[in-house]
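Going down the list, the protein sequences come from chains W and Z.
If you read the first sequence in the working numbering, its first letter stands for residue 1, the second for the next number, and so on.
If you read the second sequence in the working numbering, its first letter stands for residue 1, the second for the next number, and so on.
All residues carry an ideal CB built from backbone N, CA and C; glycine is no exception.
Only one structure is covered here, and it is reproduced in the block below.
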Amino acid sequence: MTDNRPVLTMTGISKSFPGVRALHDVNFRLLPGEVHALMGENGAGKSTLIKVLTGVYDTDAGAITLHGEPVSFAGPMQATAAGVSTVYQEVNLCTNLSVAENIFIGREPRLLGAVRWGEVRRRARTLLARLELDLDVSAPLGSYSLAIQQMVAIARAIDIQARVLILDEPTSSLDAGEVAQLFRIMRQLRDEGIAILFVTHFLDQVYEIADRITVLRNGGLVGEYTTTELPQLGLVEKMIGKELDVLEGIEEHSRRDLAAVEEGTPLVAVSNFGRAGAVEPFSLTIHAGEVVGLAGLLGSGRTEVARLLFGADRPDGGQVTVDGRPSSLRTPAQAIDHGVGFCSENRRAEGIVADLSVRENLILAMQAARGWLRPIPRRRQDELVDKYIKALTIRPSDPEVPVRNLSGGNQQKVLLARWLITEPRLLILDEPTRGIDIGAKTEIQKLVTQLSDGGMAVLFISAELEEVLRLSHKVAVMRDRQMVAQLANDDTLDADRVMQTIASGSHGEEADR
Amino acid sequence: MTTGTLTAGRARFRLPRRQIPVLATLALLLVMYGIGVSQYQAFSNVQVIFNIFIDNGFLLVVAVGMTFVILTGGIDLSVGSVVAMTAMVSASLLQKGLPAALVLVIALLIGPTLGLLMGCAIHFFEIQPFIVTLAGMFFARGMCTFISGSSIPISDGFWTRMSQERIGDPRGNFVSISVLIAFAVVAVAAYTLAYTRLGRNVYAIGGNPQSALLMGLPVGRTRIAVYTISGLCSAIGGILLSFYTLSGAPLIAVGMELDVIAAVVIGGTVLTGGSGYVFGTVLGVLVLGVIQTLITFDGSLNSWWTRIVIGGLLFAFILFQRLVGIRYK
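Encoded structure:
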């Protein structure tokens with residue numbers, strides 16, 4: 001940080017959407033050669049601030065300067081041309097085009113108007129080599145994993161002679177090794193003098209990489225801090241604006257032990273359940289009031305297990321009993337009939353209907369269960385919607401706002417509430433806390449505990465071991481599309497042992513059943 | 001997934017996914033041609049292939065324009081009517097005694113202008129291409145009958161020369177000038193799609209319009225451009241048709257848009273956009289042409305059999321694309 005004049009300043013930024021005040025009088029500045037973390041809960045206004053900066057949205061009020069000059073971008077293209085590049089939370093590339101083309105499209109090297117494909121591929125290889133990525137640059141992007149696609153998006157962003165690089169939750173779909181690699185690149189770019197704006201929900205990552213932190217809450221600015229002066233707990237307090245006794249609540253809550261939970265007939269028991277190419281046959285029992293955690297790496301088959309249990313994919317064979325009676329779960333409709341609910345990990349594509357209001361989204365599953373011929377009276381709808389908006393603290397609390405205008409975490413809550421309204425007996429939660437902030441995370445964890453105490457069975461899938469261990473009575477471990485172990489979550493089980501099981505697949509002992 | 005250099009899960013199949021449908025069409029074409037040659041001795045004559053191009057040159061040109069539109073994930077239903085309208089306008093202006101060169105310029109401007117307007121409506125008002133181009137189709141067809149209720153013959157010297165000129169080899173095989181024009185259009189289009197920014201933007205928009213926008217690509221301009229290109233191709237197709245028939249008729253090329261869409265889809269372009277080649281479209285048009293020729297050679301079959309076979313093939317190809325798509329998702 002040799003030069004202390006900010007490369008970018010935003011002053012007095014305000015922005016409203018119909019029914020939502022997304023930003024109110026926010027100031028922000030970015031110094032050259034720093035990694036600056038933008039922190040806040042879901043709905044605090046982080047994404048909106050970035051979209052205002054890059055010209056996706058107009059501002060209602062406020063000014064932006066770049067290198068001291070006032071600027072106002074008409075769109076991401078202009079922002080990029082001025083040296084402000086963005087990598088968004090969801091990978092915004094075209095999977096039908098090749099890796100090289102995704103990096104260069106819109107600014108391909110040309111000769112007399114003709115794209116020089118050889119040059120495009122050569123430069124792409126050079127650039128990816130700088131990021132230590134070894135890819136076939138002429139293969140379609142869609143043939144690579146999401147994590148690789150994210151890296152390609154970053155390659156695209158840094159190739160433009162960027163002075164400001166905005167990374168909007170780039171790490172949410174990366175594993176530890178990939179995150180480390182990303183951070184190495186971020187440090188390298190920072191040392192080259194690029195200002196990096198970094199948005200993430202992982203607090204540890206902030207303290208690992210960021211120099212300074214700006215905190216937003218409810219669309220307003222809380223403050224700007226250096227990482228050294230603001231300890232992690234302080235940061236969380238600034239983000240949620242209250243003391244952290246919420247978190248403690250869960251820790252103290254004593255879990256009922258597995259033997260007590262697994263009494264009597266299991267709610268759902270499957271044996272020899274599997275699907276070729278998706279997951280090897282497995283057996284699993286879930287009792288009423290039991291939380292079964294599903295741990296494993298990305299792509300180890302966690303989601304596939306969930307989809308089989310919900311009937312979204314058909315099993316190749318195996319037996320299913322529900323309440324001890326032989327049964328089948330071959331379609332989602334059958335699963336719903338048996339009281340199974342499924343919150344998908346991919347909330348944007350598979351869950352939320354973005355153009356409908358919060359109320360309509362909430363009512364969907366319940367209406368489907370009743371059949372379309374028996375509409376739910378409006379008064380009953382309002383009661384239900386009110387109850388769940390309060391219970392899950394969905395913000396904004398106006399039920400008529402289109403879900404599209406809500407932040408990611410609040411959309412997740414709407415999705416959860418939609419299933420809760422139908423009062424399922426087994427709720428499958430696939431990564432319910434991914435990409436959402438610590439406050440909402442805590443609320444969702446607390447909710448899971450309450451639901452299980454109330455007798456609901458929950459299959460809880462998460463990449464965060466701590467979370468799985470905190471909530472589950474039993475942890476099933478997935479590795480390479482196999483369920484390698486089921487561990488009772490007693491005092492002896494900790495993250496290390498689960499990790500060992502994931503790594504080796506055999507060291508963990510079988511659970512007592 | 002450990003640390004270190006990422007080698008990444010490589011694509012499992014090396015055969016490029018996007019070329020599979022085109023290769024399938026090529027195989028189908030060869031099989032059909034083989035059947036023709038084995039059944040009828042005259043089928044192996046090179047002129048048979050040349051005739052397919054002569055009879056379908058205008059269809060090919062229009063299909064090339066449609067390929068652009070479908071690659072962006074859109075559709076253009078107006079093409080058949082625009083072809084007819086262009087032919088009608090040319091015939092009626094020539095009848096009034098305007099010079100051929102001026103008539104050509106006017107006729108070639110009408111199609112792209114209509115395409116431009118439709119593209120603007122689709123982009124600025126965010127209206128479904130299906131509806132906008134349906135309106136364009138009715139408008140253009142209406143204009144045909146407005147110009148004249150009955151067929152107008154063309155006796156202009158330039159037109160008759162273009163119609164009758166034969167470019168051939170010493171053995172007597174020949175093509176018409178229209179075929180050369182069609183090939184030129186194909187070449188320009190293939191180059192545009194493969195080597196220009198406009199062409200690459202077309203693929204990007206077809207792949208994911210939202211991403212294309214965020215990558216800073218001129219989505220609106222490209223979208224308007226493809227409908228303009230389709231309009232231009234329809235106009236050229238209309239001129240070629242008027243060379244071929246030496247007349248303009250208000251009810252010619254009714255339903256042609258559907259043949260064109262069929263040819264593009266059989267040629268391997270995916271209806272949802274983002275994947276396909278002009279070369280595939282050429283093959284698609286050839287498939288239609290070979291079916292027609294086979295039925296003509298047979299002599300006993302009703303010409304409606306062409307439609308039945310095309311219907312079956314179209315369905316088979318869409319099913320095939322779907323299966324290939326699922327396999328690779």
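Whether residue i touches residue j by CB criterion (9 Å)
{"i": "Cys144 (chain Z)", "j": "Leu251 (chain Z)", "result": "yes"}
{"i": "Ala212 (chain Z)", "j": "Ala225 (chain Z)", "result": "no"}
{"i": "Phe273 (chain W)", "j": "Pro315 (chain W)", "result": "yes"}
{"i": "Ser90 (chain Z)", "j": "Ala63 (chain Z)", "result": "no"}
{"i": "Thr222 (chain Z)", "j": "Asn201 (chain Z)", "result": "yes"}
{"i": "Gln321 (chain Z)", "j": "Asp55 (chain Z)", "result": "no"}
{"i": "Val215 (chain W)", "j": "Met239 (chain W)", "result": "yes"}
{"i": "Ile70 (chain Z)", "j": "Val270 (chain Z)", "result": "yes"}
{"i": "Pro402 (chain W)", "j": "Val358 (chain W)", "result": "yes"}
{"i": "Leu8 (chain W)", "j": "Val84 (chain W)", "result": "yes"}
{"i": "His473 (chain W)", "j": "Leu258 (chain W)", "result": "yes"}
{"i": "Val353 (chain W)", "j": "Val268 (chain W)", "result": "no"}
Short CB-CB distance (under 9 Å) between residue i and chain W
{"i": "Pro218 (chain Z)", "result": "yes"}
{"i": "Ala121 (chain Z)", "result": "no"}
{"i": "Tyr203 (chain Z)", "result": "yes"}
{"i": "Asn208 (chain Z)", "result": "yes"}
{"i": "Tyr191 (chain Z)", "result": "yes"}
Proximal residues of chain Z, C-beta to C-beta of residue i below 9 Å
{"i": "Glu108 (chain W)", "result": "Arg197, Arg200"}
{"i": "Gly113 (chain W)", "result": "Tyr195, Thr196, Arg197"}
Residue i: contacting residues in chain W (beta-carbon distance under 7 Å)
{"i": "Ser300 (chain Z)", "result": "Correct list: empty, because the minimum Cβ distance to chain W is about 45 Å."}
{"i": "Ala212 (chain Z)", "result": "Cys94"}
Nonlocal neighbours in the same chain, by C-beta distance under 8 Å from residue i, ignoring five residues either side
{"i": "Val37 (chain Z)", "result": "Phe43, Ser44"}
{"i": "Asp136 (chain W)", "result": "Val99"}
{"i": "Gln367 (chain W)", "result": "Pro375, Ile376"}
{"i": "Tyr207 (chain W)", "result": "Thr227, Gln232"}
{"i": "Gly223 (chain W)", "result": "Thr214, Val215, Lys238"}
{"i": "Ala140 (chain Z)", "result": "Ser78, Ser81, Val82, Ala84, Met85, Leu114"}
{"i": "Ala195 (chain W)", "result": "Val7, Leu8, Leu30, Leu31, Pro32, Gly33, Glu34, His36, Arg163, Val164, Leu165"}
{"i": "Val71 (chain W)", "result": "Ile64, Thr65, Ala82"}
Chain Z contact residues for residue i, given Cβ-Cβ distances below 8 Å
{"i": "Tyr88 (chain W)", "result": "Leu214"}
{"i": "Thr80 (chain W)", "result": "Gly216"}
CB contact below 9 Å: residue i versus chain Z
{"i": "Trp117 (chain W)", "result": "yes"}
{"i": "Ile105 (chain W)", "result": "yes"}
{"i": "Glu252 (chain W)", "result": "Confidence is the limiting factor: at Glu252 (chain W) the pLDDT is only 48, short of 50, which leaves the residue's position unreliable, though a coordinate-based value still follows. Not an interface residue."}
{"i": "Ala155 (chain W)", "result": "no"}
{"i": "Met77 (chain W)", "result": "yes"}
{"i": "Glu383 (chain W)", "result": "no"}
{"i": "Val137 (chain W)", "result": "no"}
{"i": "Val56 (chain W)", "result": "yes"}
Residues that residue i contacts on chain W, provided the C-beta gap is smaller than 9 Å
{"i": "Gly274 (chain Z)", "result": "Cys94, Thr95, Asn96, Leu97"}
7 Å CB neighbourhood of residue i in its chain, flanking five on each side removed
{"i": "Arg479 (chain W)", "result": "Gly296, Ser300, Ile502, Gly505"}
{"i": "Asn96 (chain W)", "result": "Pro140, Gly142"}
{"i": "Arg302 (chain W)", "result": "Leu294, Gly296, Ile461, Met478"}
{"i": "Pro218 (chain Z)", "result": "Asn201"}
{"i": "Ala210 (chain W)", "result": "Val35, His36, Ala37, Phe198, Thr227"}
Amino acids of chain Z, ordered along the chain, whose beta-carbon sits closer than 7 Å to that of residue i
{"i": "Glu101 (chain W)", "result": "Arg200"}
Other residues of its chain near residue i: CB distance less than 6 Å, five sequence neighbours each side excluded
{"i": "Gly249 (chain W)", "result": "Reliability fails at Gly249 (chain W), whose pLDDT of 49 lies under 50, so the model's placement of it is uncertain and no value is given."}
{"i": "Glu257 (chain Z)", "result": "Leu77, Val79, Gly80"}
{"i": "Val287 (chain Z)", "result": "Leu29, Ile266"}
Expected contact under 8 Å - CB spacing of residue i and residue j to nearest Å
{"i": "Gly111 (chain Z)", "j": "Thr86 (chain Z)", "result": "6 Å"}
{"i": "Asp156 (chain Z)", "j": "Ala101 (chain Z)", "result": "About 11 Å; that fails the 8 Å criterion."}
{"i": "Val458 (chain W)", "j": "Leu420 (chain W)", "result": "Incorrect: roughly 11 Å between the Cβ atoms, too far for contact."}
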